[in-house]
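S.K.: Protein chains in written order, with my numbering: chain A, 1 to 112; chain B, 113 to 223.
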Amino acid sequence: GAGVSQTPSNKVTEKGKYVELRCDPISGHTALYWYRQSLGQGPEFLIYFQGTGAADDSGLPNDRFFAVRPEGSVSTLKIQRTERGDSAVYLCASSSGIGELFFGEGSRLTVL
Amino acid sequence: GIQVEQSPPDLILQEGANSTLRCNFSDSVNNLQWFHQNPWGQLINLFYIPSGTKQNGRLSATTVATERYSLLYISSSQTTDSGVYFCAVEEAQGGSEKLVFGKGTKLTVNP
Numbered sequence: 001g002a003g004v005s006q007t008p009s010n011k012v013t014e015k016g017k018y019v020e021l022r023c024d025p026i027s028g029h030t031a032l033y034w035y036r037q038s039l040g041q042g043p044e045f046l047i048y049f050q051g052t053g054a055a056d057d058s059g060l061p062n063d064r065f066f067a068v069r070p071e072g073s074v075s076t077l078k079i080q081r082t083e084r085g086d087s088a089v090y091l092c093a094s095s096s097g098i099g100e101l102f103f104g105e106g107s108r109l110t111v112l
Numbered sequence: 113g114i115q116v117e118q119s120p121p122d123l124i125l126q127e128g129a130n131s132t133l134r135c136n137f138s139d140s141v142n143n144l145q146w147f148h149q150n151p152w153g154q155l156i157n158l159f160y161i162p163s164g165t166k167q168n169g170r171l172s173a174t175t176v177a178t179e180r181y182s183l184l185y186i187s188s189s190q191t192t193d194s195g196v197y198f199c200a201v202e203e204a205q206g207g208s209e210k211l212v213f214g215k216g217t218k219l220t221v222n223p
């Protein structure tokens, strides 16, 4: 596609539920990144993929968070047993590998 | 890990004024980008500028990698320039291609 696409744009869930957030990168981009942004803060790195493999997952806060990119294109960020503190905007970005990242519009997650 | 500091944290301008935003970083970088986050939350690429100077319309940026800082210049500001400006860097020795963001400069341009 023309840009990075993220779905859903908004997700409201209850504490303890499971959530999946999807990212469709720019066509041909090999690198894909997930970030999380809380109100008034800069984006914080979660994980990045080079192709199908997670090249760096050091930003995942705990084992409730997991991400996959099985065919090297679309990625899904999965959050188990959601907590109120998980409420944030989850941003996805992709890159051709040259260095410049392009971000999607984000998925706003609210955990009640 | 690398530290990224942006200044000032907040800036209020009258339409037509010029401004300079600063980004300091604590270590060598492979990549530096400036982004504008609009009021709807979209992060828009402004410059990919690990070194040197670039210009795009009323905006320009300079990175002096040896002195570990970058500057973003906005001339003849417009109300549509309002939002948060982020600097983000990729640490050269970090072994990862992740970008580390500063806390941003919140710019308000009044008519």
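Glycine included, C-beta positions come from ideal geometry on N, C-alpha and C.
Which same chain residues end up closer than 7 Å to P223 of chain B when comparing Cβ atoms and leaving out the 5 residues on each side of it in sequence?
M.R.: Excluding positions up to five away in sequence, the list reads E127 and T191.
S.K.: Which whole-angstrom value is the C-beta distance of R84 of chain A and K15 of chain A, which I expect to be below 8 Å?
M.R.: The Cβ separation is near 6 Å, so the contact holds.
S.K.: Return the CA-CA distance between P61 of chain A and S182 of chain B, expressed in angstroms with no decimal places.
M.R.: Rounded to the nearest angstrom, the two C-alpha atoms are 30 Å apart.
S.K.: Less than 8 Å between the beta carbons of Q149 of chain B and G214 of chain B, yes or no?
M.R.: The answer is no: Cβ separation not under 8 Å.
S.K.: What separation, rounded to the nearest whole angstrom, lies between the Cα atoms of G169 of chain B and G28 of chain A?
M.R.: Distance between the alpha carbons of G169 of chain B and G28 of chain A: 29 Å.
S.K.: Return the CA-CA distance between Q41 of chain A and P121 of chain B, expressed in angstroms with no decimal places.
M.R.: One C-alpha to the other measures close to 11 Å.
S.K.: Using only the alpha-carbon positions, how far apart do Q6 of chain A and V212 of chain B sit?
M.R.: Going by the C-alpha atoms only, they are around 21 Å apart.
S.K.: Who are the near neighbours of T30 of chain A in its chain, counting only those whose CB is closer than 8 Å to its CB and skipping five residues on each side?
M.R.: Contacts found: Q50, G51, G72, S95, S96 and G97.
S.K.: Would you kindly work out how many angstroms separate the C-alpha atoms of G206 of chain B and G113 of chain B, rounded to a whole number?
M.R.: Computed Cα separation, rounded: 7 Å.
S.K.: Please classify W74 of chain B as buried or exposed, where buried requires at least 16 other C-beta atoms within 10 Å of its C-beta.
M.R.: In the structure displayed, chain B extends from 113 to 223; residue 74 of chain B sits before or after that span and is not available.
S.K.: Quick one: which chain A residues come within Cβ less than 8 Å of S138 of chain B?
M.R.: Going along chain A, no residue has its Cβ under 8 Å from S138 of chain B, so there is no contact; the nearest lies around 15 Å.
S.K.: Could you name the residues that DSSP lists as bridge partners for E202 of chain B?
M.R.: B:N143, per the DSSP bridge assignment.
S.K.: Kindly list, in the order they appear in chain B, the residues whose Cβ is closer than 8 Å to that of E105 of chain A.
M.R.: In chain order: W152, G153 and Q154.
S.K.: Excluding the 5 residues preceding and the 5 following E209 of chain B in the sequence, name in chain order all residues of the same chain whose CB lies nearer than 7 Å to its CB.
M.R.: Answer for E209 of chain B: E202, listed in chain order.
S.K.: DSSP on E20 of chain A, reduced to helix/strand/coil?
M.R.: Three-state result, E20 of chain A: strand.
S.K.: With DSSP run on the structure shown, which of helix, strand or coil describes R64 of chain A?
M.R.: In the structure shown, R64 of chain A sits in coil (DSSP, three-state: anything other than H, G, I, E or B).
S.K.: For chain B, is any of its Cβ atoms less than 8 Å away from the one on Y90 of chain A?
M.R.: Not closer than 8 Å to any Cβ of chain B, the Cβ of Y90 of chain A fails to qualify, so no.
S.K.: Specify the secondary structure class of D56 of chain A as computed by DSSP and reduced to three states.
M.R.: DSSP places D56 of chain A in strand when its eight states are reduced to three.
S.K.: Starting from A93 of chain A, follow its DSSP beta bridges and name the residues at the other end.
M.R.: Answer is A:Y33 and A:F103, bridged to A93 of chain A.
S.K.: Please name the residue or residues paired with A2 of chain A in a DSSP beta bridge.
M.R.: Looking at the DSSP assignment, A2 of chain A forms no beta bridge with any residue, so it has no partner.
S.K.: Ends of the beta strand (DSSP E) at T217 of chain B?
M.R.: Start and end: T217 to N222.
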